[in-house]
Amino acid sequence: MLNRFALIRVPLALAALVLISTLPAVAQQVAQPSRSLALPIPADKASRQISVVVDPGLTRTARLPTPELRAARKAMLDDQPVPEAMLRALADHRDSLAAQAYVRLLLARGDAANPSDIAYYGTIAVSAGRVWSLGAVVDALAKLDPLTEPADRKKAYVAMLYPHAWAGNALALDAVIDLNGEGRLFGPLSEATRQKLLDQGDKKGDGRVPLRLALRLMQVSPRSAEQEAMLQDYLGRAAASGNLGVQTSVQNLRALAANPSTATVTAVSQ
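Remember, the numbering used here sits 298 above the position in the sequence shown when you count from 1.
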């Protein structure tokens, strides 16, 4: 798993306007009309490591139903090789160590791996406190089809992500923002979830949460009067932070919101 910034995809013109004034001129380049950019919003490393035990899962070998599974778990705990099929079977019985080991095998396959399996088995691991897998889970969740992802898996993702977000984990917070909305994996953003996100943003005070919410709303066109009021509220909250980069982004977003036809299409290298 890469140690990286949380990413949010935004249209090219919007990303350029937000970022252009915060990067050196040497980082600017000619735009490609159909391209979209990754907007980096750094979070401190410590907040990405916040862990919550939502479901400890299997903790006793004796609870496994077959001798083969019990032998496989004993081998795993003794650092002995365990076949991939047995790791998955143990993970299906909510063994978090097996789930984490299975996710590592899946990640080693690169693009050939099933993102739903990475997300689901990684969720089992993270739910038991193995937060190492959270980044891989968040990356995989972004690739899932809301229409075809099984409902039971979606329920597991929500049950794991939300407690981590409300505990202040930045990766989980970003994911909750990105996965809620019309046509997204978790569906429309509820008012209760929106308020909890804003509460977390107020606690952190760095402007990341309201800025990310604003960027998501900037992608809605046309916006209703209620959505426009929300956007201005988000921008106001973000501007109140002491983060100069966030404050500069807010100024540019306000200019774009007031007159989007004036946006300059410019690509910024990462």
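In this text, a Cβ means the ideal position worked out from N, Cα and C, and glycines have one as well. A quick note: this is a predicted structure, and the numbers were derived from the prediction, not measured.
**OP:** Taking 8 Å as the threshold, find out whether the stretch 484-491 comes into contact with the stretch 370-379 through three or more Cβ pairs.
**Re:** no
**OP:** Let me know the secondary structure DSSP gives Arg552 once reduced to three states.
**Re:** Residue numbering aside, residue 552 sits at position 254 when the sequence shown is read from its first letter. It is helical.
**OP:** Could you pull out every residue in the same chain whose Cβ sits closer than 7 Å to the Cβ of Gln525, ignoring the five residues on either side in sequence?
**Re:** Residue numbering aside, residue 525 sits at position 227 when the sequence shown is read from its first letter. Leu515, Val518.
Subject >> N-terminal and C-terminal residue of the alpha helix (DSSP H) that Thr421 is part of >> reply: Working through the sequence shown from its first residue, we reach residue 421 at position 123. Note, Thr421: alpha helix (DSSP H), 413-425.
Original post:
So, helix, strand or coil for His391, using DSSP?
Top reply: As a position in the sequence shown, residue 391 is number 93, starting the count at 1. Here His391 sits in coil by DSSP.
**OP:** Taking 8 Å as the cut-off, decide whether the C-beta atoms of Val436 and Thr421 are in contact.
**Re:** As a working note, residue 436 is residue 138 in the sequence shown. As a working note, residue 421 is residue 123 in the sequence shown. Cβ atoms of Val436 and Thr421: not closer than 8 Å.
**OP:** Consult DSSP for Pro379 and reduce its assignment to one of helix, strand or coil.
**Re:** As a working mapping, residue 379 is identified with position 81 in the sequence shown. In this structure, Pro379 counts as coil in the three-state DSSP scheme.
Original post:
Along the chain, where does the alpha helix (DSSP H) that runs through Trp464 open and close?
Top reply: The residue you call residue 464 lines up with position 166 of the sequence shown. Where Trp464 is concerned, the enclosing alpha helix (DSSP H) stretches over 449-464.
**OP:** Would you mind reading off the limits of the alpha helix (DSSP H) that contains Ile475?
**Re:** The residue you call residue 475 lines up with position 177 of the sequence shown. That run of the alpha helix (DSSP H) goes 468-477.
**OP:** With DSSP collapsed to three states, give me the class of Ala440.
**Re:** For the purposes of this step, residue 440 is identified with residue 142 of the sequence shown, where counting begins at 1. Correct three-state label for Ala440: coil.
**OP:** Could you tell me the distance, in whole angstroms, from the CA atom of Ala449 to the CA atom of Arg482?
**Re:** Walking along the sequence shown from the start, residue 449 turns up at place 151. Walking along the sequence shown from the start, residue 482 turns up at place 184. Spanning the two alpha carbons is a distance of roughly 13 Å.
**OP:** Please report how far the alpha carbon of Leu405 lies from the alpha carbon of Ser414, in whole angstroms.
**Re:** Position 107 of the sequence shown, counted from the start, is the residue given in the question as residue 405. Position 116 of the sequence shown, counted from the start, is the residue given in the question as residue 414. When rounded, the distance between both Cα atoms is 12 Å.
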